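Structure first, then comments.
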Amino acid sequence: MSISVNSDMGESLGIHSFGNDEGLLEFIDTANVACGFHSGDPSGMHETVLKAAAAGVTIGAHPGLPDIWGFGRREMKMEPEEVRDIVLYQVGALSAFLRATGVELDHIKPHGSLYGMVARDERLMDAVCDVAELYGVPIYGMSNTAHENVAKRRGIPFVGELYVDLGYRADGSLIIVRRPSATPPDTAADRARRGLVDGALIADTGESVPIRFESICVHSDTPNAVDVARAVREVVSSFESA
Numbered sequence: 011m012s013i014s015v016n017s018d019m020g021e022s023l024g025i026h027s028f029g030n031d032e033g034l035l036e037f038i039d040t041a042n043v044a045c046g047f048h049s050g051d052p053s054g055m056h057e058t059v060l061k062a063a064a065a066g067v068t069i070g071a072h073p074g075l076p077d078i079w080g081f082g083r084r085e086m087k088m089e090p091e092e093v094r095d096i097v098l099y100q101v102g103a104l105s106a107f108l109r110a111t112g113v114e115l116d117h118i119k120p121h122g123s124l125y126g127m128v129a130r131d132e133r134l135m136d137a138v139c140d141v142a143e144l145y146g147v148p149i150y151g152m153s154n155t156a157h158e159n160v161a162k163r164r165g166i167p168f169v170g171e172l173y174v175d176l177g178y179r180a181d182g183s184l185i186i187v188r189r190p191s192a193t194p195p196d197t198a199a200d201r202a203r204r205g206l207v208d209g210a211l212i213a214d215t216g217e218s219v220p221i222r223f224e225s226i227c228v229h230s231d232t233p234n235a236v237d238v239a240r241a242v243r244e245v246v247s248s249f250e251s252a
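Last residue of the sequence shown: number 252 in the numbering used here, and the count goes up by one each step with no gaps.
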């Protein structure tokens with residue numbers, strides 16, 4: 011069983027820098043690059059693509075809601091056509107930089123509140139799938155949600171995720187926070203190990219929640235993201251060599 015480690019990257023904006031992208035590249039397999047709506051700008055997108063490609067890291071699009079002030083972590087009421095268009099717009103922008111670099115788009119992974127919205131609403135998830143289908147790429151998301159259900163119905167490859175730096179509710183949904191705090195590396199490692207060995211996670215209320223995943227996400231804006239990614243990589247490497 012092969013498990014990848016992914017991280018959301020390229021979320022700096024102009025002179026404002028967020029996350030230690032370069033430090034993370036040593037420990038991840040794939041980067042989800044911000045496409046300008048929740049954060050990221052053209053030069054930052056291009057630079058992130060170049061650095062990820064040089065590190066041998068695959069690159070996916072990380073489209074979000076048009077909400078820079080809220081970092082894409084505030085929900086918006088949107089129709090499926092609007093979701094399709096904002097995702098298509100952002101993936102198209104990243105694809106241009108990938109083409110200029112000679113790199114293929116690897117996948118699409120919605121960001122923040124858009125991720126949560128399309129996990130609950132199959133109509134919105136169908137809109138995301140329209141774009142994935144157009145580009146012929148998989149979708150990263152949460153298992154046992156509209157992410158997986160719609161992707162499988164549409165015949166689109168799906169990659170389930172485990173988050174080690176966010177909390178979960180008892181129903182398996184993520185607890186999205188506006189301002190992330192540091193995650194102890196040991197806690198992240200324990201979450202990864204439990205997911206790999208037991209196929210479960212512990213909700214914030216103490217329940218054991220089953221989960222299926224093929225990739226583990228580490229957020230780059232977690233204050234100690236590099237330490238978290240290093241700890242997760244060690245767990246994954248040990249699991250795969252066992």
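Don't be surprised by glycine CBs; every beta carbon is placed ideally from N, CA and C. Since the structure is predicted, the reported quantities are computational estimates derived from the model, not experimental observations.
- Annotation for G126: E85, S183, L184, I186 place their beta carbon closer than 8 Å to its own, counting only its chain and skipping 5 residues before and after.
- Contact between G122 and G82 is confirmed by a C-beta separation of about 4 Å, below the 8 Å threshold.
- Per DSSP, reduced to three states, the secondary structure at N42 is strand.
- Counting along the chain, no beta strand (DSSP E) covers L144; the unbroken alpha helix (DSSP H) around it starts and ends at 132 to 145.
- In the three-state reduction of the DSSP assignment, S12 falls in the coil class.
- Of G146, P90, D231, the smallest CA-CA separation from S105 is found for G146.
- Straight-line spacing of the CA atoms in H72 and G216 works out to 31 Å.
- With fewer than 16 other beta carbons inside 10 angstroms of its own, P194 counts as exposed.
- Taking 9 Å as the cut-off, the Cβ atoms of S53 and F28 do not count as close.
- In the assembly as shown, E32 is an exposed residue. Its beta-carbon has fewer than 16 other beta-carbons within 10 Å.
- In the three-state scheme derived from DSSP, where H, G and I count as helix and E and B as strand, I149 is classed as strand.
- In this chain, the beta strand (DSSP E) harbouring S225 covers 225 to 229.
- For I78, the closest of K61, D51, P90 by C-alpha to C-alpha distance is D51.
- In the displayed model, G205 falls within a helix according to three-state DSSP.
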